[in-house]
Every structure is written in C-alpha cells, then in structure tokens.
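Scroll down for the structure; my scribbles are underneath it.
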Amino acid sequence: MKLIYEKSVKGRIGYSLRKDEFEGSIEDFIPEYALSKTKKELPEVSEVDVVRHFTRLSKLNYGVDDGFYPLGSCTMKYNPKVNEYLATLDNFTQAHPFAHIEFVQGNLRLMFELEEALKEITGMDRFTLMPSAGAHGELVGVLIMRKYFEDQGKPRSKMLIPDSAHGTNPASSAMAGFKVVEVKSNAVGNVDLDDLKAKMDEDTAGIMLTNPNTVGLFERQIQEIAEVVHSKGGLLYYDGANLNALLGIVRPGDAGFDVVHLNLHKTFSTPHGSGGPGAGAVGVKKNLVEFLPSPLVCNCGKYFGLEEPRKSIGRVKAFFGNFTVLVKAYAWILSMGPQGLKEVSETSIINANYVLAKLKKYYRPAYDRFCMHECVLTGRDYKEYGVKTLDIAKRLIDYGFHPPTIYFPHFEPYAQETIMVEPTESEGKETIDEFINVMIKISEEAKTNPQLLKEAPHITYVSRPDEVKANREPVLVYKEK
Amino acid sequence: MRYISNTKEQLEEMLKEIGVSSFEDLIRDIPQDLRYKSNLKVKGPLSEEELISYIKSIEQENADFALLKPLVGAGAYKHFVPSVIKTILSREEFYTAYTPYQPELAQGTLQTMFEVQTHLSRLTGFDAIVPSIYDGASATAEAVLMTMRLSGKNRIVISKLLHPQYIETIKTYVAPHKTEIVEIPYNDNLTDINAVKDLMNNDTAVLVIQSPNFFGGIEDVEAFSKLAHEYGALSLQVVVESLSLALLKSPKDLGVDIVSGEAQSFGIDLNFGGPYNGYLATKMDFVRQLPGRIAGETVDRNGKRAFVMTLRSREQDIKREKATSNLCTSHNLNLYAIDAYLSLFGKEGLYDLATYNVKASHYLRSRLLQTGHFKGVEYPFFNEFVLETDLEENVMSERLKSINVIPPLKLSTYFEGLVNSYLFAVTEVFSKDDLDRIVEVLGR
C-alpha cells in the first residue's frame with residue numbers, strides 16, 4: 001500500500017494549534033548558524049488521511065486478539081483489556097518524572113508493591129524495575145556480576161553460556177566485557193555437567209541459564225549445576241524468558257540462582273506492542289543488592305522515596321523504567337492471585353505437552369521427554385519432499401495461524417529444522433485442536449503437494465518478500481522519484 | 001480464572017490424551033525439594049471491579065496531573081497529544097502483535113518503521129536509521145559504543161551539558177571497556193568550545209555534544225564537529241528535544257557523524273519517564289555498525305512492494321556475542337504514535353509548533369527577568385532556559401502549585417554551585433495567559 005508520503009498534498013493539514021500571541025519572528029531568537037533555511041519535508045495530509053492510513057496498516061498486521069500466536073520462548077498470551085485501561089489513567093500517563101516526590105506517591109507505591117510481589121514469586125531479595133526489556137535486564141544482571149567480583153578485588157573475565165541459549169545471553173555478556181564460553185548440551189537436552197565442570201574455573205563469573213531451557217526442558221541437574229558454579233565462587237544467572245512454566249511451582253531464588261531477570265511482557269502478560277515496549281525487572285540475592293542500578297524505590301515510613309544503592313552499577317536509562325508497562329504487570333498479578341498464578345503454569349504445561357503428544361508422530365521431536373510450557377518439534381522428515389520448515393510455517397498462515405518460532409535453537413541434532421510451539425495458558429483446547437489438525441493436514445500436503453507450501457502464504461497482502469535483495473541493496477528511507 | 005480458557009475437565013481430558021494420570025507426572029523432572037510448598041503470598045485474586053478500584057486508589061495518591069502544567073522538561077516534555085494517536089495505539093493489531101519476524105503478517109509494523117525512518121531522515125539528514133531503542137539515554141550509550149567499534153579507540157569527550165542521566169547511562173555502558181571519559185566544562189550555558197582543544201587528542205573516539213543542550217542552549221554544533229574531525233574523532237550529536245529539529249539545521253549539514261535522540265516529544269505521553277523512544281541516525285557508510293532493528297524496502301515473490309527487517313546479520317539472534325548490541329525488544333508501539341504525530345503536523349505544522357515553543361519560552365524568560373526576582377545570562381535557546389532567583393524554593397513551589405503549575409527543575413541536584421538556579425521548560429501547553437499568570441505569581 002501507499003506510504004504516507006505518497007498521500008501528501010501540498011497545503012493539506014492535519015493539525016490545530018492555539019493562537020500565537022507573541023511578538024517577534026523566529027529569526028529574532030535562533031542564531032543564523034543554527035536556523036534551517038528550509039522547512040523539513042514531512043508529509044502534508046489531513047486528519048482523516050492519517051486515521052485511514054493507520055486503520056489500513058493495522059489490517060496488514062496480526063495480533064494475539066486475531067488468533068493463536070504460538071511463538072516459542074515469546075509467551076504470546078492474552079493481554080487483558082482492563083490493564084490497558086488502567087495504564088492510561090491520567091495521573092499515570094501525565095506524571096512528569098521530575099515532579100516533586102510528593103506529587104508521585106501513587107507511582108512509587110505501585111512500584112514498591114510490584115517489587116514485593118516479584119520478590120515473593122521468585123524468591124529473590126530485591127528488584128530493580130528499571131530495565132526496558134529482557135535483554136536490557138540481562139545487561140544489568142551481568143554488569144552486577146562484573147561489579148561484584150571487581151568489588152572483591154578479583155575481577156573475572158569469562159561467562160558460561162549453554163549452546164542452546166537465546167542470542168541475547170552471549171550478546172549481553174559481551175557488552176559487559178565478558179569472554180563467552182559455550183557449554184555443551186547433553187543427549188537429553190540439558191547442560192552437560194562434565195563439560196560444565198571442565199569449563200568452570202576461578203576466572204569465570206558464572207553461568208547464564210534459562211530454566212526451563214530454550215528447548216522447553218527443565219534442567220534436572222540444576223542443584224548440581226549450582227554446586228559446581230558456587231564451589232568456584234561463581235554466580236548463577238536466571239534468564240526469565242521461560243518463567244511462565246514455574247509460577248508457584250519453583251522459585252529461582254530457592255534453586256540457587258543469584259540474579260534473575262523477568263520479562264514482564266512475557267510471563268506477566270503486558271502486550272508485546274509489535275516488538276515493544278516491554279519491561280524487564282532484575283532481582284538479586286542479598287549480597288548483590290548494593291550493586292543494583294540507581295535509583296530504587298524505598299518505603300521510608302510516611303512516604304515512598306528513592307534511594308541510591310551504595311555500590312550501584314549506575315544508571316541504565318533515564319528516569320524510572322517503563323512505568324505504564326509496570327502498571328499492567330501489577331494489575332495482572334492482582335487479577336491472578338496466588339492460586340491463579342499456579343494455574344497459569346499448570347495450564348501452559350499441559351497445553352504444550354498436549355501439542356507434543358498429538359504432533360510427535362508427524363513432526364519428530366528432538367527429545368523423547370515431557371516438555372514444560374513449550375515443545376520443540378522438527379520438520380526434518382519433510383526435507384525429502386523438498387519442503388523446508390519455513391514452508392510449513394508459511395502454510396500455517398493460510399489457515400489463519402501465526403507460525404511458531406522456527407529455526408531456533410539452530411544447532412545439531414535439530415538439523416536446523418526446529419519448530420518451537422508455546423501455546424501459553426490462554427488457549428483453549430478447541431483452538432489447540434484446530435492447530436493440531438492443521439499441522440497434520442500440512443504434513444500431508446508436504447508429501448502430496450509440496451508446491452502449495454513453497455508458494456504459501458496465498459492469502460496475505462504480500463508473500464515471501466525478498467530478504468536477500470533488501471539486505472544487498474538496502475533501501476531504508478523513502479525518496480521522491 | 002478469567003484469562004485461562006481450559007476448564008478442569010478439559011485439562012483432565014488432555015492429560016489422558018497425553019497418556020499420564022496426573023499433572024504431577026508431567027513435571028517429574030523437577031526435584032521434589034525444589035518445589036515451592038506453600039501458597040505464594042501475593043494479593044488477589046481481585047475481580048475486575050475490585051482491581052479497577054484498587055489501582056485507581058493508588059493512582060489517586062498522585063497529584064492530579066491532568067490539571068497540572070509542567071514548567072519542567074529536562075528530557076521529558078509535555079506536548080499536546082492529538083486524540084488520533086490514542087485511537088491508533090488502541091488497535092489490537094498494533095499493540096498485541098509481536099516483533100515482525102513473519103513479514104507477511106506484519107506489514108503494518110514494518111511499513112510504520114520505514115515511514116518513521118523516513119521522517120527521521122528528513123529531520124536529521126541521514127539515511128541510515130534505527131527508529132526504536134529503549135530511550136534517548138540508552139540510544140546515546142549505544143551510539144558511544146558504536147563510535148568505539150568504528151574507531152577502535154576508547155577515549156570519549158562529553159559535554160557537561162549532556163543530560164546528566166544520559167552521562168550516567170553512558171558511564172554504565174562503557175564501564176567494562178576501560179574507557180577514559182573526559183567532560184567538557186560550560187560557560188554561559190553553552191559548552192565551552194575553547195576548552196575542547198585542550199581535551200581532544202588523537203586517541204579520542206568521539207566528541208559528544210547535546211544540542212539543544214541540557215540548559216536548552218543551542219550549540220554551534222558545526223564548530224564542534226570540525227574540531228572532532230581535526231583530531232580524527234567522530235562527532236555525535238544528542239537531540240533530547242527532537243521538536244527542535246523542525247527549525248534547526250540538520251545534524252548532517254552540521255558535519256555530525258551520528259545522531260542519537262529521544263522522540264518522546266512526538267506524540268508520546270510523559271508516562272513518568274517511560275516508555276519513551278530512542279533513535280539513531282547516521283550515514284550509510286556506518287549502517288552495518290548500527291545496533292537494533294531496521295526496516296527495509298524490497299519486493300515480494302510477485303514483485304509487489306514489501307517491507308522486511310533488514311541487515312539482520314548484525315543482530316544478537318544471528319551474531320550472538322559478536323553482534324553490534326544485545327537489543328531484542330524495542331519500543332515499536334511508540335512508532336505508530338510518532339508516525340501519526342509527524343504526519344498530522346507535517347511540514348508546516350511541525351514548523352509552526354516549534355516556532356510557538358521558541359516564542360512562548362522566550363516570552364516567559366523576558367517577562368520573568370522584568371520582575372526583578374530573576375536573573376540569567378543571554379544565550380540562544382529552544383524551549384528551555386536557566387534563570388537564577390532570589391525566591392525561596394518552597395515559596396516558588398507553593399505559588400506555582402496554587403495555579404496548577406509543576407515547578408521547574410532545581411539545578412543544584414545535578415550541578416554543584418548552581419544554588420538558586422532553575423531549568424524552565426515552556427511548550428505549547430501554555431497559552432500567553434498561562435504565562436502571564438506565572439509571571440504574576442512569581443513577580444510578587
């Protein structure tokens with residue numbers, strides 16, 4: 001469809017401004033060295049042009065409210081509407097971050113209470129709500145680990161990361177100046193304990209772990225892993241991407257983890273917003289509290305206030321984090337209550353195992369084990385028909401589903417044809433059955449009519465955009481011809 | 001539970017089909033002694049009605065911000081947000097969608113990214129743009145890391161009039177990389193260009209100048225860029241009040257190499273400081289060193305124009321520890337607001353809006369000076385300015401509160417020695433009458 005620039009008509013306006021009653025002209029105030037000689041060439045459109053443009057754009061998108069969105073490791077659960085409403089209350093959205101502390105007692109209370117809830121859910125001692133995303137939280141977490149060792153006068157240079165980890169783990173470690181050392185997975189999809197023992201030494205800060213891990217499996221030997229890492233003075237980092245499986249069942253803080261990050265936009269149901277904003281939160285055990293980023297919210301008796309941890313790693317962004325996202329996460333926790341939180345995990349685990357049980361005949365899983373809240377299947381058996389997992393994913397679109405995560409994790413023995421399905425607790429059996437039936441139907445189509453899959457999707461506005469061309473000849477902005 | 005669809009009976013049925021007798025069988029991998037035995041001590045469950053009333057009771061502990069107009073900016077600007085924006089942001093196809101990994105189901109997101117990239121290109125002069133990073137501070141820190149990668153050097157020279165929280169964020173990000181940070185002093189509310197020569201050397205990766213600076217001052221960015229280049233360093237301009245770009249020369253035309261900015265002014269509410277939207281812009285030569293997500297134009301298999309995420313080989317999910325950054329989540333939802341806002345105002349509207357901001361703020365400053373309670377040096381500024389006063393802080397606060405105005409920022413929090421100085425911000429939310437009322441209460 002047309003770009004907003006292609007709808008521009010000279011002289012058309014979509015704005016209104018209050019009357020300018022001041023004297024003088026702009027040249028009186030802005031020095032010549034700084035003032036632009038021409039106006040910037042933005043589009044000229046009316047209000048209705050803009051409204052229709054975005055309404056049209058929205059119809060080219062697919063959200064959770066449109067249907068099943070089983071992206072593994074992304075936890076695309078339903079986003080309750082009341083939370084959206086609560087986050088748009090005026091005193092939240094119109095609050096200036098530099099307003100005096102007595103103006104924003106409500107905001108600080110909300111942050112304080114949310115922190116208390118997260119402490120209880122994870123078993124950690126203190127949280128910062130500052131990070132803007134999970135990966136931002138990872139950076140905070142590993143910077144805390146770095147500073148902890150520096151503070152002891154014994155800086156450490158390496159970080160262990162399982163080969164199955166999300167790409168953010170090694171990237172965050174590198175940003176924090178660590179050398180990344182990969183730990184192998186074993187035949188049942190868990191961390192290889194021998195490899196861990198061989199690599200964990202006194203120059204290693206610790207290990208970044210997702211549990212359940214990125215193939216949807218619980219790390220059975222988490223206590224042994226903790227012992228190996230702790231025995232060398234290292235720390236355990238918990239990547240909370242998969243916490244949805246453990247609410248009320250296991251608290252990372254009880255399992256030996258020293259630092260935890262949470263993705264409030266995953267487990268705690270705040271919407272993903274076409275790729276953000278989300279919000280992270282980082283929890284630590286007592287011995288690491290003084291390294292948390294500044295500022296923290298404190299309950300100083302009569303008032304809520306702000307405090308700077310004594311040996312803080314510093315600031316990681318301006319102001320206080322993504323406040324309106326925090327409102328949504330807290331509202332969700334309050335809606336669920338203790339029993340509801342546990343039901344979230346139970347239901348999401350049953351839903352995922354149901355998908356696995358029903359589909360494993362058609363899409364051979366990498367491991368013959370029960371999974372946690374997501375399962376990893378593969379499309380490797382369809383390669384002989386010339387069908388790639390990508391084709392299976394694109395065909396799902398024709399049936400009204402958003403494809404699952406594909407090609408992750410992308411190492412052997414998955415033959416690079418992985419399909420990771422995370423149904424979450426939101427989905428009912430009928431939806432999941434429908435998905436299962438379609439997946440089975442596609443497996444038939446792959447054998448009998450592979451071309452149908454290779455040309456999919458057939459129903460969307462565009463089909464199979466040429467990514468190679470986009471990469472080779474980058475066109476990143478619109479230019480008038 | 002209202003957000004969980006399956007009933008107990010359905011879950012039982014599913015367990016049977018899985019081939020287990022109970023949920024317990026499914027999680028037998030989890031050692032018994034790790035299980036949490038008691039009930040989590042969290043509030044709830046609350047009914048929807050109870051939830052609304054509880055969260056509202058918290059919200060009402062805040063001041064009534066709907067009534068208040070802030071004379072404070074300092075990196076967070078209250079601009080009027082047209083109603084259209086709210087309508088667009090509340091579309092579920094935007095807010096409940098994910099990162100556009102499947103372009104066929106995300107052309108709305110991808111085209112919006114592309115349009116915002118184009119808007120920012122028109123404002124900054126550059127063609128290589130990352131439209132959405134968490135906020136201006138983290139975008140600036142990413143930009144500094146980028147200059148260190150590009151130059152292979154790790155000495156950075158920063159104006160002391162860069163937003164103090166941005167400076168702190170840079171310090172956090174570069175801390176692991178043995179970086180030498182040098183701060184440039186200021187003089188009459190502008191960065192002291194005469195001091196820069198002594199601070200630069202050939203080991204310097206970047207010279208960082210905010211313009212308009214933290215005091216609202218419009219810097220001679222071109223002169224700083226020239227100096228940076230003389231020493232083989234890159235020139236980075238930070239733009240916190242992006243509305244200024246409607247009037248001011250494009251950073252590219254000022255010889256800048258990279259711009260990092262905050263786009264909160266373009267249709268994003270104050271939100272107590274977040275979510276906001278950071279961005280980066282630079283020349284195409286540097287495009288492969290940019291962190292984060294970029295949309296690109298291409299064609300689909302039928303030759304139709306299509307948009308995709310592009311230059312992905314820089315990103316963490318592909319390059320892992322060798323990626324340009326760890327960015328994974330952006331603040332994409334805000335891009336719909338920014339796209340709509342810049343389209344609504346457009347070429348003429350944004351110019352007029354910026355002009356109003358300049359004239360209103362200059363009006364207030366000159367009227368406050370006339371009261372005799374304020375003094376300050378002359379300097380070119382956009383919509384924020386510094387004045388010193390003989391009024392007591394609490395007197396000023398009380399008088400402003402009585403007319404529903406949030407007081408300006410007390411600068412001594414960040415700048416030692418500026419004991420009675422305040423940073424005032426004036427945007428289009430203030431009418432001339434509003435400003436006259438402020439002058440009246442402060443002039444007594």
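Chain order of the listed sequences is A and B. Numbers 1 to 481, taken from full-length UniProt numbering, label the letters of the first sequence in order. Numbers 1 to 444, taken from full-length UniProt numbering, label the letters of the second sequence in order. Beta carbons: idealized from backbone N, C-alpha and C, even for Gly. For clarity, every value in this text was computed on a predicted model and none was experimentally measured.
Asked, Found
"Cβ neighbours of Y414(B) in the same chain (closer than 7 Å, five flanking residues each side left out)", "P164"
"Extent of the continuous beta strand (DSSP E) run through E182(A)", "K179 to V183"
"E180(B) versus P100(B), I158(B) and L190(B), residue with shortest Cα-Cα distance", "I158(B)"
"At least 3 beta-carbon pairs within less than 8 Å: the segment 290-301 of chain B vs the segment 315-329 of chain B", "yes"
"Candidates R12(A), L108(A) and C74(A), of which the one nearest E61(B) by Cα", "L108(A)"
"Residues that S132(A) contacts on chain B, provided the C-beta gap is smaller than 8 Å", "Y134, D135, S138, G274, P275, T329 and H331"
"Segment limits, alpha helix (DSSP H) that includes R109(A)", "Q105 to T122"
"Residues of the segment 38-56 of chain A with Cβ closer than 7 Å to any Cβ of chain B, in chain order", "K39, K40, E41, L42, P43, E44, V45, E47, V50, V51 and F54"
"Closer than 8 Å to chain B by CB, S443(A)", "no"
"Length at least 4, wholly inside the segment 319-403 of chain A: the alpha helix (DSSP H) runs in chain order", "323-359 and 389-398"
"Nearest-angstrom Cα separation, counted from L409(B) out to L423(B)", "5 Å"
"Same chain only: Cβ atoms within 8 Å of P43(A), ignoring 5 sequence neighbours per side", "I4, Y5, K7 and S8"
"Span of the beta strand (DSSP E) around R314(B)", "Note, R314(B): premise wrong, no beta strand (DSSP E); not H, not E."
"Contact under 8 Å by Cβ, K375(B) with L387(B)", "yes"
"Beta bridge counterpart(s) of L67(B) as assigned by DSSP", "In the DSSP output, where bridge partners are listed per residue, L67(B) has none listed."
"Buried or exposed (CB count within 10 angstroms, at least 16 for buried), C371(A)", "buried"
"Min CB distance V180(A) to chain B below 8 Å", "yes"
"At least 3 beta-carbon pairs within less than 8 Å: the segment 146-154 of chain A vs the segment 341-357 of chain A", "no"
"Short-range partners of chain B found in the segment 317-328 of chain A, where Cβ spacing is below 8 Å", "K317, A318, F319, F320, G321, N322, F323, T324, V325 and V327"
"Between the CA atoms of G274(B) and I436(A) - distance to the nearest angstrom", "40 Å"
"Environment of F68(A) [buried if 16+ CB atoms lie within 10 Å]", "buried"
"For G240(A) and M208(A), the rounded distance between their alpha carbons", "10 Å"
"Chain-ordered residues of the segment 28-53 of chain B with a beta carbon less than 7 Å from chain A", "D29, I30, P31, L34, R35, Y36, N39, L40, K41, V42, K43, G44, P45, L46, E48, L51 and I52"
"Contacting residues, own chain, Cβ-Cβ under 7 Å from L110(A) (five flanking each side not counted)", "L326, V327 and Y330"
"Euclidean distance between Cα positions of G346(B) and S90(B)", "22 Å"
"Nearest to L162(B) (by Cα), restricted to the options R365(B), E241(B) and R312(B)", "E241(B)"
"Euclidean distance between Cα positions of K153(B) and A233(B)", "9 Å"
"Sequence-distant residues of the same chain with beta carbon closer than 6 Å to Q117(B), five excluded per side", "I129 and P131"
"Residue 487(A) - DSSP class collapsed to helix/strand/coil", "Residue 487(A) lies beyond the range of chain A shown here (1 to 481); nothing can be said about it."
"A360(B): contacting residues in chain A (beta-carbon distance under 7 Å)", "F22"
"C-beta neighbour in chain A for R301(B), strict 8 Å", "yes"
"CB of I4(B) within 8 Å of CB of V344(A), strictly", "yes"
"Interfacial residues, the segment 105-135 of chain A to chain B, with Cβ spacing under 7 Å", "Q105, G106, N107, R109, L110, A117, E120, I121, S132, A133, G134 and A135"
"Where M396(B) falls: helix, strand or coil (DSSP)", "helix"
"Integer Cβ distance of K59(A) from E93(B), believed to fall under 8 Å", "7 Å"
"Chain-ordered chain A contacts of M1(B) [CB-CB under 9 Å]", "S335, M336, G337, Q339, G340, E343, V344, T347 and E425"
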